[in-house]
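Please read the structure below before turning to the comments.
Numbering (this note's numbering), first residue to last: 14 to 394.
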């Protein structure tokens, strides 16, 4: 290290501390000081997608369970054994082994990121004291279940997802949610409204709301995690043909004033997460041209284990611009957008996995890399 008065030595310990702060091993590495042999990119031969030969062996019994667990470990799958056995039995029923791509697609769509698997876990509920506030809330929950599901409520599992969606189902049952737009495309919450213009005329429009949490990605790669939190929220009303007009950001973390030396093993410093996440969110919003009207950050020891990162957007579109159709055999599928990073297929499964102190160094391919400029082009189109 140099200054105008000469050279000052830096200890190896201090230099390593600087590197630990500046270099997030999830998405960066220290470049080699050696000159490269060539600036030409080496061509890579891409092999065919492999067929997982022998996958369906042992279907119907437990003889192949160990092989399934070994397969999950080899490819870093998020699915548990029961999910893998379900897949094995299905492919056995059609008498063929799956390709690795097929299994990874299932692994992605069944992850917490896409299906919110944890929230559908069956709950055993004990409200505690009969006159407690919790028991009163549970009584209201059970009354609503009986109103919505009728006699079938007895056999329907209780879960966090059921609790979260029951209120909307009650409103619909009572005929109080007729303005909610329903379709096979479940992307963003869509409400039917009448838009009023300066000349007094009105027109049917759709108003769309969407929020997305990127707690896990922002914890391990703050810039990209917070950026694609907003990008992902934009994507859903955009796929509903709507133009996104405004955003909101709510985040939470541990105390950013803590000494860097107190950083938990395998974690990034809280100040690093807070700063990079703020820059990531604003970077994406500025590139796509989306104003954020509300930003709130909450600091609490409860967020020390994992960051909270939430982005929400509001969008609108004339109803006549939206045409809904259902896919049919023979339809062409056109993939539009920017190139992916290393995340690729399976890039959303990280939130379904058990993480250790080494995850920050191995989970980099599980954080999506957004492309705000491409998404802006699609929105303007």
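Backbone N, C-alpha and C define an ideal beta-carbon position, used for all residues, glycine too.
| Check | Outcome |
| --- | --- |
| For residue 331, the first and last residue of its enclosing beta strand (DSSP E) | 321-331 |
| Among 114, 207 and 289, nearest to residue 230 - alpha-carbon criterion | 289 |
| Residue(s) in a DSSP beta bridge with residue 216 | 208 |
| DSSP bridge partner residues for residue 224 (one or two, in chain order) | 325 |
| Cα-Cα separation, residue 391 to residue 383 | 13 Å |
| Residue 14 to residue 291 span [Cα, whole Å] | Low local confidence applies: a pLDDT of 46 at residue 14 is under 50, so the model's placement there is unreliable, and no value is given. |
| Span separating the alpha-carbon of residue 198 from that of residue 41 | 37 Å |
| Own chain, CB closer than 8 Å to residue 209, minus 5 neighbours either side, in chain order | 215 |
| Beta-carbon gap between residue 124 and residue 133 smaller than 8 Å | no |
| Residues bridged to residue 157 [DSSP beta-bridge criterion] | None; residue 157 has no bridge partner. |
| Proximity of residue 221 and residue 203 at Cβ, strictly below 8 Å | yes |
| Inter-residue Cα distance where the pair is residue 47 and residue 274 | 31 Å |
| Own chain residues within Cβ distance below 6 Å of residue 341, not counting five before or after | none |
| Same chain, Cβ closer than 7 Å to residue 256, five either side skipped, listed in chain order | 328, 329, 330 and 392 |
| Buried versus exposed call for residue 68 [16 or more other C-beta atoms within 10 Å across all chains shown] | buried |
| Limits of the beta strand (DSSP E) - the one that residue 271 falls within | Neither: residue 271 is in no beta strand (DSSP E) and is coded neither H nor E. |
| Alpha helix (DSSP H) segments (min. 4 residues) lying fully within the stretch 165-203 | 173-186 |
| Touch test, the stretch 176-193 against the stretch 298-307, Cβ-Cβ under 8 Å, three pairs minimum | no |
| Neighbourhood of residue 157 by C-beta distance below 6 Å, restricted to the same chain and skipping five residues each side | 179 and 183 |
| Separation of residue 265 from residue 29, as counted between CA atoms | 28 Å |
| CB of residue 269 within 8 Å of CB of residue 297, strictly | no |
| Beta-carbon contacts of residue 119 that lie in its chain and below 7 Å, excluding the five residues immediately before and after | 100 |
| Backbone secondary structure at residue 296 - three-state DSSP | helix |
| Residues near residue 173 by beta carbon distance below 6 Å, same chain, minus five either side | 132 |
| Rounded Cβ spacing between residue 94 and residue 81 (contact assumed at less than 8 Å) | 6 Å |
| Residue nearest to residue 35 in terms of C-alpha spacing, selected from 347, 284 and 147 | 284 |
| Residue 88 versus residue 116: straight-line alpha-carbon distance, rounded | 10 Å |
| N- and C-terminal bounds of the beta strand (DSSP E) containing residue 305 | 305-312 |
| N-terminal and C-terminal residue of the alpha helix (DSSP H) that residue 106 is part of | 94-106 |
| Environment of residue 169 [buried if 16+ CB atoms lie within 10 Å] | exposed |
| Residue closest to residue 107, alpha-carbon to alpha-carbon, out of 32, 137, 72 and 147 | 72 |
| Contact belief for residue 228 with residue 366 at Cβ below 8 Å, rounded distance in angstroms | With 8 Å as the limit, residue 228 and residue 366 do not qualify as a contact, their Cβ atoms being about 14 Å apart. |
| Residue 261 to residue 237 span [Cα, whole Å] | 17 Å |
| Residue 162 versus residue 191: straight-line alpha-carbon distance, rounded | 19 Å |
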